[in-house]
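**Student:** After the structure tokens below, expect a handful of questions from me.
There are 4 protein chains.
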Amino acid sequence: MTRAEKPTSRHRRTPVVSPSAPRELPTTPRGIRTRAKLVDAARTVFERDGFLDARLIDITNEAGISAGSFYTYFDSKEEIFAAVLASVEEEMLHPHVRALTAGDDPVELIRAANRAYLESYRRNAAFMRLLLQVSSIDEEFAQLRRRRGEAFAQRNARSIQDLQERGVAKAKVDPYRAASALSGMVGRAAYAAFIIGEEWDFEELVETLTQLWANSLLISTDDAT
Amino acid sequence: MTRAEKPTSRHRRTPVVSPSAPRELPTTPRGIRTRAKLVDAARTVFERDGFLDARLIDITNEAGISAGSFYTYFDSKEEIFAAVLASVEEEMLHPHVRALTAGDDPVELIRAANRAYLESYRRNAAFMRLLLQVSSIDEEFAQLRRRRGEAFAQRNARSIQDLQERGVAKAKVDPYRAASALSGMVGRAAYAAFIIGEEWDFEELVETLTQLWANSLLISTDDAT
Amino acid sequence: MTRAEKPTSRHRRTPVVSPSAPRELPTTPRGIRTRAKLVDAARTVFERDGFLDARLIDITNEAGISAGSFYTYFDSKEEIFAAVLASVEEEMLHPHVRALTAGDDPVELIRAANRAYLESYRRNAAFMRLLLQVSSIDEEFAQLRRRRGEAFAQRNARSIQDLQERGVAKAKVDPYRAASALSGMVGRAAYAAFIIGEEWDFEELVETLTQLWANSLLISTDDAT
Amino acid sequence: MTRAEKPTSRHRRTPVVSPSAPRELPTTPRGIRTRAKLVDAARTVFERDGFLDARLIDITNEAGISAGSFYTYFDSKEEIFAAVLASVEEEMLHPHVRALTAGDDPVELIRAANRAYLESYRRNAAFMRLLLQVSSIDEEFAQLRRRRGEAFAQRNARSIQDLQERGVAKAKVDPYRAASALSGMVGRAAYAAFIIGEEWDFEELVETLTQLWANSLLISTDDAT
DNA sequence: CATGAATGAGTGTTCATTCAT
DNA sequence: TATGAATGAACACTCATTCAT
Numbered sequence: 001m002t003r004a005e006k007p008t009s010r011h012r013r014t015p016v017v018s019p020s021a022p023r024e025l026p027t028t029p030r031g032i033r034t035r036a037k038l039v040d041a042a043r044t045v046f047e048r049d050g051f052l053d054a055r056l057i058d059i060t061n062e063a064g065i066s067a068g069s070f071y072t073y074f075d076s077k078e079e080i081f082a083a084v085l086a087s088v089e090e091e092m093l094h095p096h097v098r099a100l101t102a103g104d105d106p107v108e109l110i111r112a113a114n115r116a117y118l119e120s121y122r123r124n125a126a127f128m129r130l131l132l133q134v135s136s137i138d139e140e141f142a143q144l145r146r147r148r149g150e151a152f153a154q155r156n157a158r159s160i161q162d163l164q165e166r167g168v169a170k171a172k173v174d175p176y177r178a179a180s181a182l183s184g185m186v187g188r189a190a191y192a193a194f195i196i197g198e199e200w201d202f203e204e205l206v207e208t209l210t211q212l213w214a215n216s217l218l219i220s221t222d223d224a225t
Numbered sequence: 001m002t003r004a005e006k007p008t009s010r011h012r013r014t015p016v017v018s019p020s021a022p023r024e025l026p027t028t029p030r031g032i033r034t035r036a037k038l039v040d041a042a043r044t045v046f047e048r049d050g051f052l053d054a055r056l057i058d059i060t061n062e063a064g065i066s067a068g069s070f071y072t073y074f075d076s077k078e079e080i081f082a083a084v085l086a087s088v089e090e091e092m093l094h095p096h097v098r099a100l101t102a103g104d105d106p107v108e109l110i111r112a113a114n115r116a117y118l119e120s121y122r123r124n125a126a127f128m129r130l131l132l133q134v135s136s137i138d139e140e141f142a143q144l145r146r147r148r149g150e151a152f153a154q155r156n157a158r159s160i161q162d163l164q165e166r167g168v169a170k171a172k173v174d175p176y177r178a179a180s181a182l183s184g185m186v187g188r189a190a191y192a193a194f195i196i197g198e199e200w201d202f203e204e205l206v207e208t209l210t211q212l213w214a215n216s217l218l219i220s221t222d223d224a225t
Numbered sequence: 001m002t003r004a005e006k007p008t009s010r011h012r013r014t015p016v017v018s019p020s021a022p023r024e025l026p027t028t029p030r031g032i033r034t035r036a037k038l039v040d041a042a043r044t045v046f047e048r049d050g051f052l053d054a055r056l057i058d059i060t061n062e063a064g065i066s067a068g069s070f071y072t073y074f075d076s077k078e079e080i081f082a083a084v085l086a087s088v089e090e091e092m093l094h095p096h097v098r099a100l101t102a103g104d105d106p107v108e109l110i111r112a113a114n115r116a117y118l119e120s121y122r123r124n125a126a127f128m129r130l131l132l133q134v135s136s137i138d139e140e141f142a143q144l145r146r147r148r149g150e151a152f153a154q155r156n157a158r159s160i161q162d163l164q165e166r167g168v169a170k171a172k173v174d175p176y177r178a179a180s181a182l183s184g185m186v187g188r189a190a191y192a193a194f195i196i197g198e199e200w201d202f203e204e205l206v207e208t209l210t211q212l213w214a215n216s217l218l219i220s221t222d223d224a225t
Numbered sequence: 001m002t003r004a005e006k007p008t009s010r011h012r013r014t015p016v017v018s019p020s021a022p023r024e025l026p027t028t029p030r031g032i033r034t035r036a037k038l039v040d041a042a043r044t045v046f047e048r049d050g051f052l053d054a055r056l057i058d059i060t061n062e063a064g065i066s067a068g069s070f071y072t073y074f075d076s077k078e079e080i081f082a083a084v085l086a087s088v089e090e091e092m093l094h095p096h097v098r099a100l101t102a103g104d105d106p107v108e109l110i111r112a113a114n115r116a117y118l119e120s121y122r123r124n125a126a127f128m129r130l131l132l133q134v135s136s137i138d139e140e141f142a143q144l145r146r147r148r149g150e151a152f153a154q155r156n157a158r159s160i161q162d163l164q165e166r167g168v169a170k171a172k173v174d175p176y177r178a179a180s181a182l183s184g185m186v187g188r189a190a191y192a193a194f195i196i197g198e199e200w201d202f203e204e205l206v207e208t209l210t211q212l213w214a215n216s217l218l219i220s221t222d223d224a225t
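Written as structure tokens, this is what we have:
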């Protein structure tokens with residue numbers, strides 16, 4: 001069911017930043033089912049209307065349950081958004097961590113990582129836009145995003161350090177700093193391509209980012225120029 | 001003179017993505033003064049409270065005028081935000097376009113550009129955070145941001161193409177694509193450093209980005225590694 | 001950036017029923033001119049937008065004068081409406097009181113009176129609608145309308161009485177009561193035809209009303225059936 | 001319950017001339033009860049204060065419910081007025097269509113019809129004044145009124161035609177036109193007597209209108225003069 | 001007399017949240 | 001657990017009216 005008119009004014013109540021005590025999950029099968037319906041509905045509505053324009057009643061309608069029942073499972077819009085976030089993360093991580101086929105070719109490794117990231121971003125573009133919006137609105141989620149970005153950069157930093165130590169990457173940059181900047185480059189490019197709508201051919205996007213990434217670390221390969 | 005529009009329907013309306021016909025500026029000295037007070041106050045309040053939490057009455061209080069007077073100059077929060085944006089742009093562009101002192105050294109040019117960008121971002125971090133928030137909320141401002149980003153990338157693209165043609169940059173990347181990605185890298189890094197609060201030493205930030213940028217284009221310099 | 005149309009709401013002030021002390025007219029030529037411009041503009045705007053939707057600023061804009069100047073001449077919307085009413089009455093009465101050409105034929109007299117009334121109504125339909133609206137809103141004008149109707153009925157009553165005394169009208173009705181009812185019939189028919197938009201051929205309207213009027217008084221004429 | 005203070009100004013929203021899709025009625029007993037309370041309260045307040053001066057909060061106070069609950073049942077003042085109108089119509093039509101006792105006497109039939117109409121009007125004078133006001137303000141209700149008037153005239157037209165065909169009414173007028181005009185006469189007289197406050201004895205009103213009506217159709221009766 | 005910026009009282013409307021059933 | 005009617009705080013917005021220039 002689509003809403004007839006979107007409200008224009010975005011009033012927002014500063015969330016009473018409770019230290020997010022995650023509420024215990026329901027135990028009865030019926031309760032589990034209802035909660036799941038709510039989370040699914042919330043994702044649908046959030047992605048369609050944005051966090052601000054989504055009303056709780058839209059979510060309960062979409063879920064096919066009554067308005068009051070919402071509070072049996074969640075205390076606020078923020079809380080159900082966190083639940084959506086958790087469920088999306090499972091989905092984003094689980095099935096697509098296919099073994100990167102590359103052997104030892106470092107550029108191929110970078111390419112595979114970039115492609116995996118970009119594919120995942122593209123697949124979940126609606127949610128990524130939403131996450132961005134919520135992060136710009138809610139400090140709690142912004143911090144979450146920051147921590148996640150740091151963890152990601154940490155992983156990439158190890159990879160870069162490894163290439164440097166093996167003499168494959170000759171650039172004398174701090175591996176953590178470089179990882180942070182390059183990861184940001186890829187993230188921003190994904191944002192530009194899949195959310196802002198800049199025109200990019202997907203393969204060209206992968207190649208450009210991979211080449212810039214490899215070059216910036218001065219990885220010597222015959223074909224990398 | 002006929003009344004412009006006959007209201008035909010009620011309820012709140014989705015904001016029109018109209019060709020934003022900016023309302024004519026006031027002509028009398030008093031009007032000019034009041035409008036300026038409003039724009040200043042709006043920037044203060046927006047930066048302090050965020051776009052969403054800012055109430056018009058906060059703005060008019062800050063400006064020291066009555067609530068109703070707001071509508072003499074603006075029709076909505078979005079409209080006064082646009083005015084703030086315009087005034088910030090003047091401020092951001094005008095006084096800081098210092099002649100880049102670098103001579104011919106391409107790396108030095110890149111460094112100077114990055115430094116100028118980052119300094120401006122840091123100086124206006126509160127506003128940049130605000131702009132980001134508004135862009136994630138209001139499609140119109142998102143488009144504005146996109147167009148601006150493209151213009152910026154366009155400029156950088158010409159610079160890259162020049163370096164490629166002169167044989168200074170050896171990377172065989174599409175100059176527009178590379179410019180877009182690298183500009184995004186710098187922008188995202190600024191966001192991480194000045195808004196998200198990632199810990200960066202300013203000079204290290206400039207150096208890291210400059211080096212990655214130069215390397216990625218395979219600009220040969222003795223010290224660029 | 002501009003919001004779509006806002007619902008227009010109007011204020012209506014319960015008129016502080018001052019016994020309409022008519023303010024003295026301006027004396028300077030300039031003042032006389034300005035006042036006249038205002039009255040003209042008010043009629044235009046009132047007829048176009050209705051009394052309620054007409055804003056004082058619409059009237060002053062239409063007149064090409066500033067908002068504040070309104071109060072040099074009038075104290076309220078009601079007061080300027082009264083001025084419009086007065087000016088319309090002059091116009092309605094003056095030029096069209098053509099000598100009724102009929103000789104002694106009573107039916108012809110009735111027909112001429114009805115035709116004159118209906119023509120005047122048709123010519124001023126927009127204003128009549130307005131007057132009706134204002135009467136339904138403002139008790140003071142409703143009373144005005146009542147008094148005027150009674151005066152009109154009084155005149156017709158004398159005419160009916162005359163016909164009865166001369167034996168031309170045989171109906172034994174109270175002349176004042178009959179005049180009131182029959183005048184009402186003509187007024188209501190004019191309303192239906194020229195305001196509500198019932199389809200009537202003008203001549204047929206005149207004839208129908210005249211015949212019903214004459215018959216109802218049992219005026220014997222050869223052709224009146 | 002009386003309002004403590006007369007507000008000085010009110011808001012009015014230009015109504016949507018929409019195909020008035022009536023919102024579905026509540027299903028639960030509680031909902032039905034609350035809606036009925038609102039409609040009753042609205043009638044009370046509208047008749048007391050007029051449509052324009054009635055504030056939604058006056059209605060909800062009168063109904064003894066909270067301001068927000070209004071919107072569970074209606075979207076606007078116009079919409080609840082339509083509901084009041086519907087409920088009044090039921091009341092006006094249902095219980096008072098007493099079998100007209102007259103036998104064959106055509107004048108007696110006309111008298112009975114007029115009396116029924118006038119009694120109903122007098123009984124609901126407050127509401128009729130209100131309906132008139134709303135019609136002069138809201139085009140949608142004006143159209144409604146027009147359609148209703150035409151239906152009424154249609155019925156009377158058949159009656160007149162019947163009298164003409166039977167040779168009882170000798171006037172050679174178009175039955176529909178005559179019905180329209182004569183119905184208007186009665187309606188206007190009711191307005192004058194019960195709303196404007198013209199002094200009429202009720203029986204005299206019935207008799208005058210009946211006699212004029214009968215005469216105008218040239219219905220021959222011994223006592224009709 | 002004219003100007004037009006400034007004022008501020010006043011109400012409709014939304015929607016998260018509660019609670020009786 | 002589920003329901004959905006009821007609540008009420010909160011804010012934007014209008015425009016008649018004033019008044020300093």
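Chains as they are written, first to last, in UniProt numbering: chain P, 1 to 225; chain D, 1 to 225; chain F, 1 to 225; chain R, 1 to 225. Ideal Cβ placement from N, Cα and C applies to all residues, glycine included.
1) DSSP three-state label for residue 213 of chain R, please.
2) With 9 Å as the threshold, decide whether the Cβ of residue 204 of chain F is near any Cβ in chain R.
3) Can you find the residues in the same chain that come closer than 6 Å, C-beta to C-beta, to residue 163 of chain D, ignoring five residues on each side of it along the sequence?
4) Are the C-beta atoms of residue 133 of chain F and some chain R residue less than 9 Å apart?
5) So what's residue 95 of chain F in DSSP terms, helix, strand or just coil?
6) Against chain R, which members of the segment 106 to 136 of chain F pass a CB distance test of less than 7 Å?
7) Leaving aside the five residues before and after residue 34 of chain D along the sequence, list all residues of the same chain whose C-beta is less than 8 Å from its C-beta, in chain order.
8) Decide if the segment 181 to 198 of chain D is in contact with the segment 140 to 154 of chain P; the criterion is three or more beta carbon pairs, one per stretch, under 8 Å apart.
9) Are at least three pairs of beta-carbons, each pair with one atom in the segment 206 to 218 of chain F and one in the segment 179 to 194 of chain F, less than 8 Å apart?
10) Let me check one thing: in DSSP terms, what residues is residue 219 of chain R bridge-paired to?
11) Which residues in the same chain as residue 46 of chain F place their Cβ atom closer than 6 Å to its Cβ, once the five residues preceding and following it in sequence are excluded?
12) So with Cβ pairs under 9 Å, would you call residue 196 of chain D a contact of chain P?
13) Just reading off the alpha helix (DSSP H) that residue 26 of chain D is part of, what are its end residues?
14) Please confirm whether residue 122 of chain R and residue 194 of chain R have their CB atoms less than 9 Å apart.
15) Enumerate in chain order the residues of its own chain whose CB-to-CB distance from residue 88 of chain D is below 6 Å, with the five nearest sequence positions on each side excluded.
16) Does the distance from the CB of residue 176 of chain P to the CB of residue 153 of chain P come in under 9 Å?
17) Unbroken alpha helix (DSSP H) runs of length 4 or more, entirely within the UniProt domain "HTH tetR-type" (32 to 92) of chain D: which are they?
18) On the CB-based measure, 16 or more other CB atoms within 10 Å of its CB, does residue 213 of chain D come out buried or exposed?
19) Compare the C-beta of residue 92 of chain P against all C-beta atoms of chain D and say whether one is closer than 9 Å.
20) Indicate whether at least one CB of chain D lies closer than 9 Å to the CB of residue 150 of chain P.
21) How is the alpha helix (DSSP H) around residue 127 of chain R delimited, first residue to last?
22) Spatial neighbours of residue 111 of chain R within its chain, please: CB distance less than 6 Å, with the 5 preceding and 5 following residues excluded, ordered by chain position.
23) When you compare the CB of residue 161 of chain D with every CB in chain P, is at least one pair closer than 9 Å?
24) Identify the continuous alpha helix (DSSP H) that holds residue 197 of chain R and give its terminal residues.
25) Kindly list, in the order they appear in chain P, the residues whose Cβ is closer than 9 Å to that of residue 36 of chain D.
26) Would you mind telling me which residues of chain R sit closer than 9 Å to residue 208 of chain F, beta carbon to beta carbon, in chain order?
27) Just to confirm the assignment, what range does the alpha helix (DSSP H) spanning residue 193 of chain R have?
28) Is residue 162 of chain D helix, strand or coil when you go by DSSP?
29) Would residue 31 of chain D be called buried (16 or more neighbouring beta carbons within 10 Å of its own) or exposed?
30) Out of R/187, R/40, R/29, R/37, point me to the one whose CA is closest to residue 117 of chain R's CA.
31) Tell me, to the nearest whole angstrom, how far the beta carbon of residue 56 of chain R is from that of residue 77 of chain R; I am working on the premise that it is less than 8 Å.
**Tutor:** Inspection of the coordinates gives the following:
1) Within the fourth sequence, the letter at position 213 stands for residue 213 of chain R. Correct three-state label for residue 213 of chain R: helix.
2) On the third sequence, position 204 is the one that residue 204 of chain F refers to. Yes - at least one Cβ of chain R is within 9 Å of the one on residue 204 of chain F.
3) Here residue 163 of chain D corresponds to residue number 163 of the second sequence, with the count starting at 1. Taking C-beta separations shorter than 6 Å and ignoring five residues to either side along the sequence, the partners of residue 163 of chain D in its chain run 106, 169, following chain order.
4) As a first step, residue 133 of chain F is located in the third sequence; it is residue number 133 there, counting from the start. Answer yes: the Cβ-Cβ gap between residue 133 of chain F and chain R drops below 9 Å somewhere.
5) Taking the third sequence and counting its residues from 1, one reaches residue 95 of chain F at position 95. With a pLDDT of 46 at residue 95 of chain F, under the threshold of 50, the predicted position of this residue should be treated as unreliable, though the coordinate-derived value follows. Shown here, residue 95 of chain F sits in a helix according to DSSP, grouped into three states.
6) For the segment 106 to 136 of chain F, the set of positions with a beta-carbon nearer than 7 Å to some beta-carbon of chain R reads 132, 133, 136 in chain order.
7) Within the second sequence, numbered from 1, the residue matching residue 34 of chain D stands at position 34. Beyond the five residues adjoining it in sequence on each side, residue 34 of chain D comes within less than 8 Å, by CB distance, of 26, 63, 65, 69, 72, 73 in the same chain, given in chain order.
8) Segments in contact, yes.
9) Output reads yes: the segment 179 to 194 of chain F touches the segment 206 to 218 of chain F.
10) Along the fourth sequence, one-based indexing puts residue 219 of chain R at 219. Bridge partners of residue 219 of chain R: R/169.
11) On the third sequence, residue 46 of chain F is found 46 positions in, with the first residue counted as 1. Taking C-beta separations shorter than 6 Å and ignoring five residues to either side along the sequence, the partners of residue 46 of chain F in its chain run 54, 130, following chain order.
12) As a working mapping, residue 196 of chain D is identified with position 196 in the second sequence. Nearest CB-CB separation between residue 196 of chain D and chain P: below the 9 Å threshold.
13) By one-based count along the second sequence, residue 26 of chain D stands at place 26. First-last for residue 26 of chain D: undefined, no H or E at that position.
14) For the purposes of this step, residue 122 of chain R is taken as the residue at position 122 of the fourth sequence. For the purposes of this step, residue 194 of chain R is taken as the residue at position 194 of the fourth sequence. A distance below 9 Å separates the beta carbons of residue 122 of chain R and residue 194 of chain R.
15) Locating residue 88 of chain D in the second sequence gives position 88, counting from the first residue. In its chain, beyond the 5 residues on either side, 127 have a beta carbon closer than 6 Å to the beta carbon of residue 88 of chain D.
16) Reading the first sequence from its first residue, position 176 is the one you call residue 176 of chain P. Reading the first sequence from its first residue, position 153 is the one you call residue 153 of chain P. With contacts defined as CB atoms closer than 9 Å, residue 176 of chain P and residue 153 of chain P qualify as a contacting pair.
17) For the UniProt domain "HTH tetR-type" (32 to 92) of chain D, whole alpha helix (DSSP H) runs of length 4 or above, ordered along the chain, are 56 to 63, 70 to 73.
18) For this step, residue 213 of chain D is matched to residue 213 along the second sequence. So residue 213 of chain D ends up on the buried side.
19) Position 92 of the first sequence, counted from the first residue, corresponds to residue 92 of chain P. Chain D has no Cβ within less than 9 Å of the Cβ of residue 92 of chain P.
20) As a first step, residue 150 of chain P must be located in the first sequence, where it is residue number 150. Residue 150 of chain P counts as touching chain D.
21) As a first step, residue 127 of chain R is located in the fourth sequence; it is residue number 127 there, counting from the start. Start and end: 125 to 137.
22) Looking up residue 111 of chain R in the fourth sequence gives position 111. Shown here for residue 111 of chain R: same chain residues with a beta carbon closer than 6 Å to its own, the five before and five after excluded, namely 210 in chain order.
23) The sequence position of residue 161 of chain D within the second sequence is 161, counting from 1. Interface annotation, residue 161 of chain D: not in contact with chain P, CB-CB separation never under 9 Å.
24) For the purposes of this step, residue 197 of chain R is taken as the residue at position 197 of the fourth sequence. Premise fails: residue 197 of chain R is in no alpha helix (DSSP H) and is neither H nor E.
25) As a working note, residue 36 of chain D is residue 36 in the second sequence. What residue 36 of chain D touches in chain P: nothing, since even the nearest Cβ is about 26 Å away.
26) As a position in the third sequence, residue 208 of chain F is number 208, starting the count at 1. From the beta-carbon of residue 208 of chain F, the residues of chain R found nearer than 9 Å are 173, 174, 177, 178, 180, 181.
27) Here residue 193 of chain R refers to the residue found at position 193 of the fourth sequence. In the DSSP assignment, residue 193 of chain R falls outside any alpha helix (DSSP H), carrying neither H nor E.
28) As a working note, residue 162 of chain D is residue 162 in the second sequence. If DSSP states are grouped into helix, strand and coil, residue 162 of chain D belongs with the helices.
29) Along the second sequence, one-based indexing puts residue 31 of chain D at 31. With fewer than 16 neighbouring CB atoms inside 10 Å of its own CB, residue 31 of chain D falls in the exposed class.
30) Numbered from its first residue, the fourth sequence carries residue 117 of chain R at position 117. Nearest of R/187, R/40, R/29, R/37 to residue 117 of chain R, Cα basis: R/187.
31) The residue you call residue 56 of chain R lines up with position 56 of the fourth sequence. The residue you call residue 77 of chain R lines up with position 77 of the fourth sequence. Right, the Cβ-Cβ distance comes to about 6 Å (below 8 Å), so this counts as a contact.
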